[in-house]
Every structure is written in C-alpha cells, then in structure tokens.
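Novice: Please find one structure pasted underneath; my questions will follow.
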Amino acid sequence: MSFIKELKRRNVFKVGIAYAVVAWLILQVADVMIDNIGAPDWLFRAIVLVLALGFPLVLVFAWAFELTPEGIKREKDVDRSQSIAPQTGQKLNYAIMAVMALALGYFIWDKFSASAPEPVASASDEQVIDKSIAVLPFVNMSADENNEYFSDGLSEELLNLLAKVDGLKVAARTSSFKFKNSDDDIADIGQKLNVATILEGSVRKHGNQARITAQLIKVDDGFHLWSETYDRNLDNIFQVQDEIARAIVDALKLPLLGQDEQAVAASSASSFEAYDLYLLGRHHYRQVNEQGFKKAVEYFTRATDVDPDYAPAWSGLADAYLGLSDYGDLALSESYALA
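Positions in the sequence shown are counted from 1; adding 161 to them yields the numbering used here.
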C-alpha cells in the first residue's frame, strides 16, 4: 500500500482539513472579540501560535491512533478486518461540511453586518459610568488631506493609552470611530456610546512640525473639563501623547498608581520616522483588503528596518501577514511562518 493511500485510509487528510477549517473559524471570531473587548494584541498572536503548533500534532495523532467502538487505540493494535476507519472518514466528511457551513455563515454575516450600525446602549438603558470616555478621531486640519492617517493614528494611540488606566472605562475604537465626520453633537454621541466624557481634537501637520489641539468635554452639559494646544516638533510626539493622557487622568480626578504611570507612557520608537511608518501601516491595515494588507506589510517592514526594537511595528507586521492569508493569495501555513 502506497504512503498516500495509507494517509487516506487513516483519514489524515480529512483530519487536517477539518482542523484547518475549525482553526480559521476560531481566528475570525477571536479577531472580532479581541478588538471589541479591548484585549491586548498579543492574545490573538498567542491563539495563532497555539493553533499552528496544534496542526502537526493533530496529524501525527490521526496517523498513529484510530477511533474504535472500544475507544481510541494505537493504529497498529487494530485488526484491519474490524477497523471502522471508513465509517470514521464518513463522519469526518459530515463534520467538515457542517463546519464549512458555519464558516460560510460567519463570513456572510461579517460582510453584511460590517456596514450596518451596531446597536449601542443609551443612557436611558443603563447608568452612565462617571469615569468613562470615548476618543473620537482627531480632525486632520493639514493642507495635505493624505495626512489623515496621522490624525487617526494619534487618536488611536491615545485611546490605547487611556484604556490601560485602572478605573477608566474607554469606549472601543470600533464604536467611537463610527462617529468620524459625524454631524451628531456631543450629547448624542455620549448617549449612544454611554460615556460621561468625550475627547476630541485636531491635528495640523506641516513638515516636521505639528499643532495638536485636544479638548475633554462633559457629555451632560457640553462644557469643557480641559483643553490644550501643543505646538511641537514631531520628534516629541510621544511626549505630547503622554501629556494629553496624563492631563485627562488629572481632569477626571483619577488616582494614578504606579502601574498606571507606566500605562500612560507611550510605547516610543527610537525615531519619529519609525513611528510615522507604523501609523501608515495601521492606516492601510484598517482597510481590510488585499491591497491594504500588502501596503501594511510594506510600511511595517520599513518601520522595523528603521527601528528593529520597535515592538508595535513587529506586532503589526504579524497581523498584516495573517490578513493576507484571508484576503490575499498567501497560504495560511506561509502566513503563520511569516507571522
């Protein structure tokens, strides 16, 4: 009996296909859930690593063992005349079809629900948490509209910094960024996001200089709790992020503990060039299409070339390669290796 035929007889191919389909479905659900609950990026990479390591183990298990009416036995201990491998293979066929149907249903749901607004709780449905905030996308006031990636990226970095502060509830990026270019007033946005305060601002970038205006507004009365304008060299952009985050914590009268001191410290690259390339990578990554993921890989790679120790750029590069396995022509196994 040839090796290929033996693989088929032992259902190794079918087990591999079933595992790959289930792993893909788990990754899609994990990607959405991790983003919505604000979990750290490393959690998704850990799930990918576990699933990737499990694939060869499952294949070895399928080769070495067989499911029998008495339970799982080593394949060499099973009498061929009493083997139920063909029946097990048929059950695997049904299982694969069922999981693929689930995957197809999830894919269709994801595509159609992406454009539909998510229902959000209103203040009348649940009590607004006093120490809560939504970070709206900062408005790009630069002469070059292509600098929008920078204003969006700055907003997202501030959101991530504030989300690490103990005692402060921060609306998810997917929720707050829906109000980009919205005509809704602060009271409506706050009610829909169920937050007590809103951070909004603008960025005017010219050459190596930037003017960043940020203002913290109370939702219930529309008054400012804090406002500041920063005229800085872009090489000091991380200091500006830290100052804004600390000013918000002070304005909300939150105690800043030792761990929070580190939380509001921006993860700095060694140069603005690396950080700027990283923001460009995140901008293209958010387009969620093949061209966007390819451009993201390009910019994240350039960022790591400029600063090999800049961890967020490496994290973004891994995410972009995984995205190409879903939306591009990159094989899933190859994307795991690159990630």
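The beta-carbon is built from N, C-alpha and C at its ideal position, and this holds for glycine as well. Since the model is a prediction, treat every value here as computed from it, not as a measurement.
How long is the line joining the alpha carbons of Leu360 and Leu323, rounded to whole angstroms?
Specialist: Here residue 360 corresponds to residue number 199 of the sequence shown, with the count starting at 1. Here residue 323 corresponds to residue number 162 of the sequence shown, with the count starting at 1. If I take the Cα positions, the gap works out to 11 Å.
Novice: Which whole-angstrom value describes the C-beta separation of Thr465 and Leu478, a residue pair presumed to lie in contact below a C-beta threshold of 8 Å?
Specialist: Reading the sequence shown from its first residue, position 304 is the one you call residue 465. Reading the sequence shown from its first residue, position 317 is the one you call residue 478. Confirmed, Cβ separation roughly 7 Å.
Novice: Of all the alpha helix (DSSP H) runs that stay within the bounds of the segment 319-351, which reach a length of 4 or more residues?
Specialist: Within the segment 319-351, the complete alpha helix (DSSP H) runs of at least 4 residues are 334-337.
Novice: Rounded C-beta distance between Phe299 and Val364? I'm assuming under 8 Å.
Specialist: Along the sequence shown, read from residue 1 onward, the residue named residue 299 stands at position 138. Along the sequence shown, read from residue 1 onward, the residue named residue 364 stands at position 203. That pair is a contact at about 5 Å.
Novice: Report the partner residues of Arg393 according to the DSSP bridge assignment.
Specialist: For the purposes of this step, residue 393 is taken as the residue at position 232 of the sequence shown. Its beta-bridge partners are Ala371.
Novice: Would you give the residue range spanned by the alpha helix (DSSP H) that Val211 belongs to?
Specialist: Locating residue 211 in the sequence shown gives position 50, counting from the first residue. Segment 202-225, the alpha helix (DSSP H) holding Val211.
Novice: Taking Gly368 as the reference, give the member of Lys353, Asp305, Asp346, Gly383 with the closest Cα.
Specialist: Numbered from 1 along the sequence shown, position 207 holds the residue referred to as residue 368. Out of Lys353, Asp305, Asp346, Gly383, Asp305 has the C-alpha closest to the C-alpha of Gly368.
Novice: Would Asn307 be called buried (16 or more neighbouring beta carbons within 10 Å of its own) or exposed?
Specialist: Counted from its first residue, the sequence shown places residue 307 at position 146. The residue in question, Asn307, is exposed, as its Cβ has fewer than 16 Cβ neighbours within 10 Å.
Novice: Please return the same chain residues whose Cβ sits closer than 7 Å to the Cβ of Arg235, not counting the five positions on each side in sequence.
Specialist: Translated into the one-based positions of the sequence shown, residue 235 becomes position 74. Same-chain partners within the cutoff: Ala225, Phe226.
Novice: Going by Cα to Cα distance, which pick from Gly383, Ile347, Lys379, Leu315 is closest to Phe433?
Specialist: By one-based count along the sequence shown, residue 433 stands at place 272. When only C-alpha atoms are compared, the closest one is Leu315.
Novice: Excluding the 5 residues flanking Ile195 on each side, which residues of the same chain have their C-beta closer than 7 Å to its C-beta?
Specialist: For this step, residue 195 is matched to residue 34 along the sequence shown. So the list reads Leu204, Phe205, once near-sequence residues are dropped.
Novice: Following the continuous alpha helix (DSSP H) through Ala295, name the residue where it begins and the one where it ends.
Specialist: For this step, residue 295 is matched to residue 134 along the sequence shown. Element bounds for Ala295: not the alpha helix (DSSP H) but the beta strand (DSSP E), 290-296.
Novice: Taking 6 Å as the limit between beta carbons, can you name the residues of its chain near Ser431, skipping five residues before and five after?
Specialist: Position 270 of the sequence shown, counted from the first residue, corresponds to residue 431. Here the set comprises Asp468.
Novice: Would you mind working out which of Glu459, Val449, Glu451 sits nearest Tyr439, comparing C-alpha positions?
Specialist: Position 278 of the sequence shown, counted from the first residue, corresponds to residue 439. With distances taken between Cα atoms, Tyr439 lies closest to Glu459.
Novice: What are the boundary residues of the alpha helix (DSSP H) that Val449 is part of?
Specialist: As a position in the sequence shown, residue 449 is number 288, starting the count at 1. Segment: none, Val449 is in no alpha helix (DSSP H) and carries neither H nor E.
Novice: DSSP three-state label for Lys456, please.
Specialist: The residue given as residue 456 occupies position 295 in the sequence shown. Helix at Lys456.
Novice: Hey, how far is the Cα of Val182 from the Cα of Ile347?
Specialist: On the sequence shown, residue 182 is found 21 positions in, with the first residue counted as 1. On the sequence shown, residue 347 is found 186 positions in, with the first residue counted as 1. Distance between the alpha carbons of Val182 and Ile347 is about 44 Å.
Novice: Could you check if Lys366 is buried or exposed, using at least 16 other CB atoms within 10 Å of its CB as the buried criterion?
Specialist: To locate residue 366, count along the sequence shown from 1; it is residue 205. Result: buried.
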